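Asker: Quick one: structure below, then a few questions.
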Amino acid sequence: MIACVAIGEEQTAKDDELGESKVIEFTLSIVSCDKFNESFKIFNRAENLALETIILAT
5 MIACVAIGEE QTAKDDELGE SKVIEFTLSI VSCDKFNESF KIFNRAENLA
55 LETIILAT
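For the sequence shown, the tail end lands on 62 under my numbering, and the numbers increase by one without skipping.
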């Protein structure tokens, strides 16, 4: 788990074939970082689900 504080913000507008979109980019400062064994399992499941969704969509 990573806890951060936003220390900066930059907003940009981009044009493409879908139209104009506004993107906000944040600069973060890490406050604390802790490893949890259980969190690796959750991220692994989320990654597997995302990969399966991409495979099914193509």
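For every residue, glycine included, the Cβ atom is placed at its ideal position computed from N, Cα and C. The structure displayed is predicted, hence computed values, not measured ones.
The beta strand (DSSP E) that contains D38, what's its start and end?
Answerer: No beta strand (DSSP E) holds D38; DSSP gives it neither H nor E.
Asker: In this structure, how does DSSP classify E21 when only helix, strand and coil are distinguished?
Answerer: coil
Asker: Comparing C-alpha positions only, which one of V27, L22, E13 sits nearest to S33?
Answerer: Nearest of V27, L22, E13 to S33, Cα basis: E13.
Asker: Whole angstroms is fine: what's the gap from I6's alpha carbon to A50's?
Answerer: 17 Å
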